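**Student:** Have a look at this one before I ask anything.
This is the structure:
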């Protein structure tokens, strides 16, 4: 593509907002909402032409998270508690972990998260599964 064509195409950068770097919490929230909608619509189907937007938004969100939401070294339980607080969640809002009793045991440190629970929480909060594996 010629640079003149690119310049003409980019005269209205607002039209490309979902594909631009994220610079504010508002843009971040918009990107996360768009990503969630796309995932709800097409799931994990790389054959859908819109799947590349999922990949792009994921990279943009991850870059913003790394710069603005980096978590200090913490154990998986501390990360989970932090994310719950940030999202205003209660035990009953975590079906990814299991029943109320199981969630309670996890939050009290009586039970560790299993791989299946970690994968679901990582997808929900858009963080690396490794965040829930860290030890104190």
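In my numbering, the protein residues as written are 1199 to 1334. Ideal placement from N, C-alpha and C gives every residue a C-beta, glycine not left out. All of these numbers come straight from a predicted model, not from anything done at the bench.
1. Check whether the region 1277–1286 touches the region 1229–1245, taking contact to mean three or more Cβ pairs, one atom from each stretch, closer than 8 Å.
2. Between the C-alpha atoms of residue 1232 and residue 1238, what's the straight-line distance to the nearest angstrom?
3. Tell me which same chain residues have a C-beta within less than 8 Å of the C-beta of residue 1331, skipping the five on either side of it?
4. Give the secondary structure of residue 1221 by DSSP, where H, G and I count as helix, E and B as strand, and everything else as coil.
5. Enumerate in chain order the residues of its own chain whose CB-to-CB distance from residue 1259 is below 8 Å, with the five nearest sequence positions on each side excluded.
6. Suppose the cutoff is 7 Å on Cβ atoms and the five residues either side in sequence are ignored; what does the same chain contact list for residue 1262 look like?
7. For residue 1311 versus residue 1304, is the C-beta spacing smaller than 8 Å?
8. Mark residue 1257 as exposed unless 16 or more other C-beta atoms lie within 10 angstroms of its C-beta, in which case mark it buried.
9. Looking at residue 1276: is its Cβ nearer than 8 Å to the Cβ of residue 1322?
10. So, is residue 1329 buried or exposed, given that buried needs 16 or more other C-beta atoms within 10 angstroms?
11. Pick helix, strand or coil for residue 1290, following the three-state DSSP scheme.
12. Have a look at residue 1286 and residue 1306 and give me their C-alpha separation to the nearest angstrom.
13. Do you know how far the Cα of residue 1298 is from the Cα of residue 1240?
14. Looking only at C-alpha atoms, which of 1236, 1309, 1326 sits nearest to residue 1253?
**Tutor:** Looking at the atomic coordinates:
1. Not touching, per the Cβ criterion.
2. For this step, residue 1232 is matched to residue 34 along the chain shown. For this step, residue 1238 is matched to residue 40 along the chain shown. Residue 1232 and residue 1238 have their C-alpha atoms roughly 10 Å apart.
3. Here the question's residue 1331 lines up with position 133 in the chain shown. Contacts found: 1274, 1316.
4. What you label residue 1221 is simply residue 23 of the chain shown in a count that begins at 1. Residue 1221 sits in coil when the DSSP states are folded into three classes, being neither helix nor strand.
5. Numbered from 1 along the chain shown, position 61 holds the residue referred to as residue 1259. The beta carbon of residue 1259 sits closer than 8 Å to the beta carbons of 1220, 1226, 1229, 1230, 1233, 1324 from its chain, once the five residues preceding and following it are set aside; these are given in chain order.
6. Position 64 of the chain shown, counted from the start, is the residue given in the question as residue 1262. Cβ neighbours of residue 1262 beyond the five flanking positions: 1220, 1226.
7. Locating residue 1311 in the chain shown gives position 113, where the first residue counts as 1. Locating residue 1304 in the chain shown gives position 106, where the first residue counts as 1. Contact: yes.
8. The residue you call residue 1257 lines up with position 59 of the chain shown. Under the 10 Å beta carbon count, residue 1257 is surrounded by fewer than 16 other beta carbons and is classified as exposed.
9. The residue labelled residue 1276 in the question sits at position 78 within the chain shown. The residue labelled residue 1322 in the question sits at position 124 within the chain shown. In terms of Cβ geometry, residue 1276 and residue 1322 do not form a close pair [threshold 8 Å].
10. Counting from one through the chain shown, the residue named residue 1329 turns up at place 131. Answer is buried; the Cβ neighbour count reaches 16.
11. Position 92 of the chain shown, counted from the start, is the residue given in the question as residue 1290. The three-state secondary structure of residue 1290, taken from DSSP, is helix.
12. As a working note, residue 1286 is residue 88 in the chain shown. As a working note, residue 1306 is residue 108 in the chain shown. Between the C-alpha atoms of residue 1286 and residue 1306 there is a straight-line separation of about 18 Å.
13. Here residue 1240 refers to the residue found at position 42 when the chain shown is read from its first residue. Here residue 1298 refers to the residue found at position 100 when the chain shown is read from its first residue. The alpha-carbon atoms of residue 1240 and residue 1298 are separated by roughly 30 Å.
14. In the chain shown, residue 1253 corresponds to position 55, counting from 1. Among 1236, 1309, 1326, the Cα nearest to that of residue 1253 is on 1236.
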